[in-house]
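Residue numbers (our numbering): 65 to 214.
We put the beta carbon where it would ideally sit given N, CA and C, even for glycine.
Keep in mind the model is a prediction, meaning the values are calculated, not measured.
These notes concern the structure reproduced below.
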Amino acid sequence: MSLLSKLFRKKAPQIEKPNGEPKTSGELIAEVTGGTNLVEGKQTWEYAKEKKHDIDYMKKCCDAELKSMEKAGLVPAPYYFERVAILSRKEKNYQQEVDYCKSYINAVERFYKKHGTKGRADVRKGPRYQAIVKRLPKAKELLSKSRQTT
65 MSLLSKLFRK
75 KAPQIEKPNG
85 EPKTSGELIA
95 EVTGGTNLVE
105 GKQTWEYAKE
115 KKHDIDYMKK
125 CCDAELKSME
135 KAGLVPAPYY
145 FERVAILSRK
155 EKNYQQEVDY
165 CKSYINAVER
175 FYKKHGTKGR
185 ADVRKGPRYQ
195 AIVKRLPKAK
205 ELLSKSRQTT
């Protein structure tokens, strides 16, 4: 069963915009989930390029991805979590880096435990997920060192 057909069992949205054009999958997901995949009225992917250096927006995108996971059964995109981790390290905020890495890894594990992988792409095999997993030990090490110097 496709994602959209699962979502539409919950609420049947209008498939077309008022002008007759078909809605995007993101627009349909926003409609049936009450906008959980939106940040300030935009899809998270719309911020990927223009706000990639803005940690506050990236954190908002992380929150939206986690809400969409719960409400729509979508695996959260790793991009935003990786950006928060990168920006946190630049700010020497190692606790935040650890927290966001752990949050993403745990969310993905919960997702696949609940939904399985049959008929789904497994983000755990992707390079961004692997980068998050790989950076966690270093972030923990940096956190530990920073605590020793304070």
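- Within the same chain, and ignoring the five residues on either side of Gln-160 in sequence, the residues whose Cβ sits closer than 6 Å to its Cβ are Ser-152.
- Between Ile-79 and Ala-94, the alpha-carbon positions lie close to 12 Å from each other.
- Under the DSSP assignment, Gly-90 falls in the alpha helix (DSSP H) whose first and last residues are 89-97.
- According to the DSSP secondary-structure assignment, Glu-80 is paired through a beta bridge with Pro-86.
- Proximity of the segment 126-136 to the segment 82-91 falls short of the contact definition, fewer than three beta-carbon pairs being nearer than 8 Å.
- With fewer than 16 other Cβ atoms inside 10 Å of its own Cβ, Asn-83 counts as exposed.
- With a contact defined as Cβ atoms closer than 8 Å, Ala-203 and Val-162 qualify at about 5 Å.
- Membership of His-179 in the alpha helix (DSSP H) is indicated by the continuous run 158-179.
- A straight line joining the alpha-carbon of Asn-101 with that of Thr-108 spans about 7 Å.
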